Amino acid sequence: MNIATWVERNGRRLADHTAIGDGERPLCNWRTFAERTASLARGMREEFGLEPGDRVAVVMSNRPEYLEALFAIWHAGLVAVPVNARLHRDEIGYILGQSGAALAVADDAHATDVDSFVNTDPCEPGLRAVVVAPGERWRRLGGAWPYPLVDRAPDAPAWLFYTSGTTGRPKGATLSHRNLLMMSLSYFADIDAVQPHDCVLHAAPISHGSGLYGLPHIARGATSVLPRSGGVDTDEIVALLKAWSGMSFFAAPTMVKRLASAAAMQDADLSHLKTIIYGGAPMYLSDLEDALDIFGPRLAQIYGQGESPMTITALSKADHADVAHPRWRDRVQSVGVARTDVDVRVVSDDGNQLSVGEIGEIVVRGDVVMDGYWNQPNATSETLRDGWLYTGDMGSFDPDGYLTLRDRSKDLIISGGMNIYPREVEETLLRHPDVGAVSVVGRPDDEWGETVVAFVVSVDRANPPAADGLDRLCLDHIARYKRPKEYRFVDDLPTNNYGKVVKRELRERLLAESDSESGSGTESGTLST
Ligand code: AMP
Numbered sequence: 012m013n014i015a016t017w018v019e020r021n022g023r024r025l026a027d028h029t030a031i032g033d034g035e036r037p038l039c040n041w042r043t044f045a046e047r048t049a050s051l052a053r054g055m056r057e058e059f060g061l062e063p064g065d066r067v068a069v070v071m072s073n074r075p076e077y078l079e080a081l082f083a084i085w086h087a088g089l090v091a092v093p094v095n096a097r098l099h100r101d102e103i104g105y106i107l108g109q110s111g112a113a114l115a116v117a118d119d120a121h122a123t124d125v126d127s128f129v130n131t132d133p134c135e136p137g138l139r140a141v142v143v144a145p146g147e148r149w150r151r152l153g154g155a156w157p158y159p160l161v162d163r164a165p166d167a168p169a170w171l172f173y174t175s176g177t178t179g180r181p182k183g184a185t186l187s188h189r190n191l192l193m194m195s196l197s198y199f200a201d202i203d204a205v206q207p208h209d210c211v212l213h214a215a216p217i218s219h220g221s222g223l224y225g226l227p228h229i230a231r232g233a234t235s236v237l238p239r240s241g242g243v244d245t246d247e248i249v250a251l252l253k254a255w256s257g258m259s260f261f262a263a264p265t266m267v268k269r270l271a272s273a274a275a276m277q278d279a280d281l282s283h284l285k286t287i288i289y290g291g292a293p294m295y296l297s298d299l300e301d302a303l304d305i306f307g308p309r310l311a312q313i314y315g316q317g318e319s320p321m322t323i324t325a326l327s328k329a330d331h332a333d334v335a336h337p338r339w340r341d342r343v344q345s346v347g348v349a350r351t352d353v354d355v356r357v358v359s360d361d362g363n364q365l366s367v368g369e370i371g372e373i374v375v376r377g378d379v380v381m382d383g384y385w386n387q388p389n390a391t392s393e394t395l396r397d398g399w400l401y402t403g404d405m406g407s408f409d410p411d412g413y414l415t416l417r418d419r420s421k422d423l424i425i426s427g428g429m430n431i432y433p434r435e436v437e438e439t440l441l442r443h444p445d446v447g448a449v450s451v452v453g454r455p456d457d458e459w460g461e462t463v464v465a466f467v468v469s470v471d472r473a474n475p476p477a478a479d480g481l482d483r484l485c486l487d488h489i490a491r492y493k494r495p496k497e498y499r500f501v502d503d504l505p506t507n508n509y510g511k512v513v514k515r516e517l518r519e520r521l522l523a524e525s526d527s528e529s530g531s532g533t534e535s536g537t538l539s540t
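Residue numbering for the sequence shown is 12 to 540, as defined by the numbering used here.
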């Protein structure tokens, strides 16, 4: 099954219904979109001599041509490699090379960078050409006679999803047509039903969660809306909510927080807002409460990863709304229950299933789980074992089946033989009114193995909270051994291109300093045991 069949069918069944919205105005209907992607498919296959299974990279910010490119690629039986447009030139080059992309579609802003990776020797494998979209050549490719939809086996690769790299060099999770189909079906089962009069707003990068969750909407003939800003602009979102109905969008927790606190949202008309799906990083309780105040019961959380696209567990809108439930606070701090199409377990180091309440690594199995990493057999066999995907995330189930994420296994701090989950310490510190953001990591220590260090961004950068006040807060809420030994007051936390805090960088910072005992007066506060 080729998922591009959805567009072909919509082109017939919903011919005059809007397929793509460019900002507030309809750009094209399904008939036009289906014809255009089928024509671009011919252009790609014939002008560049591509064969089914060849990879085509897409390096562009969110714009209508992004969706044209994706569905033309699939229609032609090719494999899409969506590259995060905010990556450094060298990182883009790495992904182009690792995926063996033969063609790239790039927007104007990325064309020169991508062009520098074209292999000028036609006898060598590698990138053969870059087409700039929008642009003359792209327009011409789309003018070709429509190509027939290429049949694909369900297991054929469709999307090489390069993981965001919070833990090292990106790896290409190979997602098949079946994986994307299962992801879409379980969206309908666990998140929302979707109808043609709904729309999905691509405020987050299409190369990541927003593109993935765009698929169930395309399957059902809903409209894909591309903000003119290419990203998250609160005023624009408020305007788009007037123009389009039944709107859903995917947002990282930091985006949700920003939207909820924006002045324009405070009295916005949200009657056209259907669902905000957040995930990809922890949503702290106080931020969630603020978001619920603004958006009401329109929030759903998902926990997934590129390797099991957007689909391991979910916390439904109903769970968010069930404030009267005696365990509501615990539930909204969890990542919800296992999705309909997967088995989820928590296992010990030796792979044995753990009981309710016990913390271990989260593993998942199902038809949504990737077949492996593109051309990385070692990484694949480390991650996929006995049919299970080892997520690298630590968590535990409660008796009702709600999974609480503790941390990435690599983020776990072991101090004096005790396991410390940074998330818990972060949640505690965020209760302090003067703490804006925080990230907790371990620092190697001769005596304890590791000690806990908190990097704190204070609300008022010039007046950070006193370290002993933060210490008291920890003593009031968590076990003594978990509290940070040191507080570092910083202007910002390092984040990757999807807004996730890169703890690796914080750990490296500490390692680099470890010889010259750090922590001079104003920047940090060191506490005694
Ligand atoms: P990526 O493959 O880049 O989407 O990153 C996936 C990782 O993000 C997961 O393995 C988790 O560590 C983290 N993550 C995803 N969803 C959530 C969530 N709802 N809450 C906390 N962390 C999450």
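Glycine residues also receive a C-beta, built at the ideal position from the N, C-alpha and C atoms. None of these values were measured; they are calculated from a predicted model.
Between the Cα of residue i and those of the options, spot the shortest distance and give me the residue it belongs to.
i: Asp-330; options: Gln-316, Ile-323, Arg-309, Glu-318; result: Arg-309
i: Tyr-314; options: Gln-344, Glu-19, Arg-338; result: Gln-344
i: Asp-378; options: Ala-390, Asp-352, Glu-372; result: Asp-352
i: Leu-481; options: Asn-507, Val-446, Trp-339; result: Val-446
i: Arg-2; options: Ile-425, Gly-427, Arg-434, Phe-408; result: Not covered by the structure: residue 2. The range shown for the chain is 12 to 540.
i: Ala-96; options: Ala-120, Ser-235, Asp-278, Gly-88; result: Ala-120
i: Gly-232; options: Asn-21, Pro-181, Gly-32; result: Asn-21
i: Glu-372; options: Gly-383, Ser-359, Asp-333; result: Ser-359
i: Arg-74; options: Thr-43, Ile-287, Val-116, Gly-257; result: Val-116
i: Glu-318; options: Arg-340, Met-266, Tyr-384; result: Tyr-384
i: Ala-80; options: Gly-32, Trp-149, Ala-184, His-99; result: Trp-149
i: Ile-103; options: Arg-491, Gly-362, Val-125; result: Val-125
i: Pro-475; options: Ala-263, Gly-54, Pro-444; result: Pro-444
i: Val-143; options: Leu-171, Val-70, Leu-61, Ala-155; result: Val-70
i: Leu-395; options: Asn-386, Leu-365, Val-380; result: Val-380
i: Pro-207; options: Val-249, Leu-299, Pro-227, Leu-284; result: Pro-227
i: Leu-171; options: Glu-147, Leu-61, Gln-109, Pro-157; result: Gln-109
Considering only their Cβ atoms, is the gap separating residue j from residue i smaller than 9 angstroms?
i: Ala-275; j: Tyr-509; result: no
i: Pro-216; j: Ser-72; result: yes
i: Ala-448; j: Val-467; result: yes
i: Pro-66; j: Ala-30; result: Position check: residue 66 holds Arg in this sequence, whereas Pro was assumed. Their beta carbons are not under 9 angstroms apart, which means Arg-66 does not touch Ala-30 by this criterion.
i: Ser-450; j: Leu-522; result: no
i: Trp-252; j: Gly-34; result: The sequence as given places Leu at residue 252; Trp does not occur at that position. Cβ distance not < 9 angstroms, so Leu-252 and Gly-34 don't count as in contact.
i: Gln-316; j: Ile-305; result: no
i: Leu-9; j: Arg-56; result: With the chain covering 12 to 540 only, the question about residue 9 has no answer from this structure.
i: Leu-192; j: Met-258; result: no
i: Phe-500; j: Ser-469; result: yes
i: Pro-410; j: Gly-368; result: yes
i: Val-374; j: Tyr-401; result: yes
i: Ile-287; j: Ala-311; result: yes
i: Leu-25; j: Asn-13; result: no
i: Ala-68; j: Leu-107; result: yes
i: Pro-93; j: His-219; result: yes
i: Ser-187; j: Pro-165; result: yes
i: Lys-493; j: Met-429; result: yes
I'd like to confirm the pairing. Which residues does DSSP put opposite residue i in its beta bridges?
i: Ser-259; result: Val-211, Thr-286
i: Leu-414; result: Phe-408
i: Ala-68; result: Val-92, Ala-115
i: Pro-455; result: Glu-461
i: Arg-419; result: Asp-404
i: Ile-84; result: Its beta-bridge partners do not exist; DSSP assigns none.
i: Asp-124; result: DSSP lists no partner for Asp-124.
i: Phe-466; result: Ser-450, Arg-499
i: Ile-489; result: Answer by DSSP bridge pairing: none, since Ile-489 is not bridged.
Residue range of the alpha helix (DSSP H) that residue i falls in?
i: Arg-544; result: No statement about residue 544 is possible, as the shown extent of the chain runs from 12 to 540 and does not include it.
i: Gly-22; result: 16–24
i: Trp-170; result: It is not in any alpha helix (DSSP H) - Trp-170 instead sits in the beta strand (DSSP E) that spans 168–173.
i: Gly-377; result: It is not in any alpha helix (DSSP H) - Gly-377 instead sits in the beta strand (DSSP E) that spans 371–377.
i: Asp-298; result: 296–306
i: Pro-476; result: Neither: Pro-476 is in no alpha helix (DSSP H) and is coded neither H nor E.
i: Asp-341; result: 339–343
i: Tyr-314; result: Per DSSP, Tyr-314 belongs to no alpha helix (DSSP H); it is in the beta strand (DSSP E), 310–316.
In terms of residues, what are the limits of the beta strand (DSSP E) holding residue i?
i: Gln-277; result: Run containing Gln-277: none in the beta strand (DSSP E); it sits in the alpha helix (DSSP H), 274–277.
i: Glu-497; result: 497–500
i: Cys-39; result: 36–40
i: Gly-398; result: Note, Gly-398: premise wrong, no beta strand (DSSP E); not H, not E.
i: Ser-426; result: 424–426
i: Ser-187; result: 183–187
i: Ser-235; result: 234–237
i: Ile-248; result: Taken as a continuous stretch (DSSP letters only), Ile-248 belongs to no beta strand (DSSP E), being part of the alpha helix (DSSP H) at 245–254.
i: Arg-356; result: 353–358
i: Ile-31; result: 29–33
Could you check if residue i belongs to the surroundings of ligand 2, using beta carbon to heavy atom distance under 8 angstroms?
i: Lys-285; result: Questions concerning ligand 2 fall outside what the structure shown contains, since the ligands it does hold are ligand 1.
Please tell me whether residue i has its Cβ less than 9 angstroms away from any Cβ of chain C.
i: Pro-495; result: Of the chains in the structure shown, none is chain C; there is only one protein chain.
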